[in-house]
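Below is one structure; the comments refer to it alone.
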Amino acid sequence: MVVRIFFLFTKIGVFTIGGGYAVIPLIERDIVSRDWLTKEELYELIAVTESLPGVFATNIAALVGYKVYGLKGGVFAALGTIIAPFFIIIFIAMFFTKFQENIWVAKAFKALRPAVVALIVAPCFSVAKANNLTLKTAVFPALALILMIFFKVSPVWIVIFGCLGGLLYTFKLQK
Amino acid sequence: MKIGVFGFGGGYAMLSLIQDEVVTRNHWMTNEEFTDLVAISQTTPGPIGINTATFAGYSAVENAGYSPFMSVFGSVLATLTVCLPAFLLIIFISYSYKKFRDNRVFNAILNGIRPLSIALIGFAAFTLMTPQNFTDYMSPIFFLGTLYLSIRYKTHPVILIVGVALLGIIFY
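So the sequence lines, in the order shown, correspond to chains A and B.
Every letter in the first sequence is one number past the one before it in the numbering used here, and letter 89, counting from 1, is 89.
Counting from 1 along the second sequence, just add 175 to a position and that's the residue number in the numbering used here.
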């Protein structure tokens, strides 16, 4: 059983290219169809995962694995999602330095770099939409951005400020 | 590498933390190298947060002049530390996750962080907007084109990366 969970999530890991949310339909197909979990349970787990720190795909795997087969299930499901990408990356990293000197590769990367920056910016918009960001609430991310860019405040502090700010807002101002 | 703990809001918010640690603070690699690494992490299978951590772990140790074996060790460490804190938290939550979801303290913290994850993502992008990454007049075209396709048509990142790479080979 543990072995089956491990390999199922290995398969799922290989197919999550890019964003972690790509795993949801895969889990639905492979896990729910086996009656290990109901659809409602899966969506509940997804809601929990969304609010957790860390990597979405691995977190959801750990939760689903745990739900299906306890602690062992959780550990092996999480490892399953990491293992294949891990070896692929190691393999690429080993040859990357030599690879980079290739003229075609250099050309491709010269064009890719600005495009990658764009791909990083893009989720800003979808996250803003998902959070129903209004002009009033946009003040906070804007302020955080200014602090990081002009005052060299570390992102770690921004995360900590966010925690404290959320607590303050809920418990002091909303009474 | 304490990045995993702070990686709220998915892989992209995590990038700014990884970059802060690896480029800005410890100078393990240049901004340019980091951008290349993100490009590769996006095209290869697996969650981007993990891929970037694995790759950064390897390159950081390699750049410091160690052998490939040590570099592999570096990436193992980076990968595990990125996942471990969240994993422990999950095990902890699994015992009582329904209770946890309605927990006021937890929800308050989340409400504070969610809007800030936008700033984290924006900051990662901002620090990568350097002359090394935007080399000539073609760069803004690639940047805006990718941004437009990604937001307006939700074109898959892999398709965009492969497409831009081809354009680069043709036009440079």
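Quick reminder that beta carbons are idealized off the backbone N, C-alpha and C, glycines included.
Looking only at C-alpha atoms, which of the options sits nearest to residue i?
i: K11/A; options: R113/A, F150/A, I149/A, T58/A; result: T58/A
i: I89/A; options: S246/B, R279/B, L264/B, F267/B; result: S246/B
i: I284/B; options: F6/A, C163/A, A77/A; result: C163/A
i: K152/A; options: I288/B, F244/B, L295/B; result: L295/B
i: Y69/A; options: T97/A, I149/A, V3/A; result: V3/A
i: N102/A; options: I344/B, M313/B, E196/B; result: I344/B
i: F56/A; options: S234/B, G232/B, G224/B; result: G224/B
i: L342/B; options: P123/A, V156/A, V105/A; result: V105/A
i: Y328/B; options: L143/A, A138/A, S126/A; result: S126/A
i: F346/B; options: I265/B, T330/B, P332/B, Y312/B; result: Y312/B
Does any residue of chain A have a CB that is nearer than 8 Å to the CB of residue i?
i: A253/B; result: no
i: F248/B; result: no
i: R279/B; result: yes
i: F317/B; result: yes
i: T205/B; result: no
i: G240/B; result: no
i: N201/B; result: no
i: Y312/B; result: no
i: F244/B; result: no
i: V339/B; result: yes
i: F309/B; result: yes
i: A235/B; result: no
i: G328/B; result: Note on identity: in this sequence residue 328/B is Tyr, with Gly being the wrong assignment. No, Y328/B lies away from the interface with chain A (no Cβ there is under 8 Å from its Cβ).
i: F267/B; result: no
i: V213/B; result: yes
Which whole-angstrom value describes the C-beta separation of residue i and residue j, a residue pair presumed to lie in contact below a C-beta threshold of 8 Å?
i: M204/B; j: N238/B; result: 6 Å
i: A300/B; j: V159/A; result: About 17 Å separates the two Cβ atoms, so there is no contact after all.
i: I24/A; j: G65/A; result: About 15 Å separates the two Cβ atoms, so there is no contact after all.
i: I336/B; j: T218/B; result: 5 Å
i: A108/A; j: A235/B; result: Not a contact, Cβ separation roughly 24 Å.
i: T134/A; j: P290/B; result: Not confirmed; about 10 Å, so no contact.
Say whether chain B places a C-beta atom closer than 8 Å to the C-beta of residue i.
i: I158/A; result: yes
i: L8/A; result: no
i: P141/A; result: yes
i: T134/A; result: no
i: M148/A; result: yes
i: S33/A; result: no
i: V68/A; result: no
i: G102/A; result: Note on residue identity: the sequence assigns Asn, not Gly, to residue 102/A. It does not: the Cβ of N102/A has no partner Cβ on chain B nearer than 8 Å.
i: L112/A; result: yes
i: G219/A; result: What the structure shows of chain A is the stretch from 1 to 175, and residue 219/A is not part of that stretch, so it cannot be assessed.
Beta carbon of residue i, beta carbon of residue j: below 8 Å?
i: S242/B; j: T229/B; result: no
i: F267/B; j: A62/A; result: no
i: I46/A; j: I60/A; result: yes
i: T141/A; j: I293/B; result: The question names Thr, but residue 141/A in the sequence shown is Pro. In this structure, I293/B lies closer than 8 Å to P141/A by Cβ.
i: F298/B; j: M148/A; result: yes
i: L112/A; j: S325/B; result: no
i: F7/A; j: T254/B; result: no
i: N84/A; j: C258/B; result: The question names Asn, but residue 84/A is Ala in the sequence shown. No, these two residues do not count as a Cβ contact at 8 Å.
i: I92/A; j: G13/A; result: no
i: T302/B; j: N206/B; result: yes
i: S191/B; j: P155/A; result: yes
i: S216/B; j: P114/A; result: no
Hey, is residue i close to the ligand GTP, as in C-beta under 7 Å from one of its heavy atoms?
i: G338/B; result: In terms of ligand content, the structure shown is empty, and the ligand GTP therefore cannot be addressed.
Would you call the region 316–329 of chain B and the region 158–167 of chain A in contact, with 3 or more CB pairs under 8 Å?
-> Look at the beta carbons and you see the region 316–329 of chain B not touching the region 158–167 of chain A: under three pairs across the two are nearer than 8 Å.
Would you be able to state if there are at least three C-beta pairs under 8 Å between the region 197–213 of chain B and the region 71–81 of chain A?
-> No contact exists between the region 71–81 of chain A and the region 197–213 of chain B.
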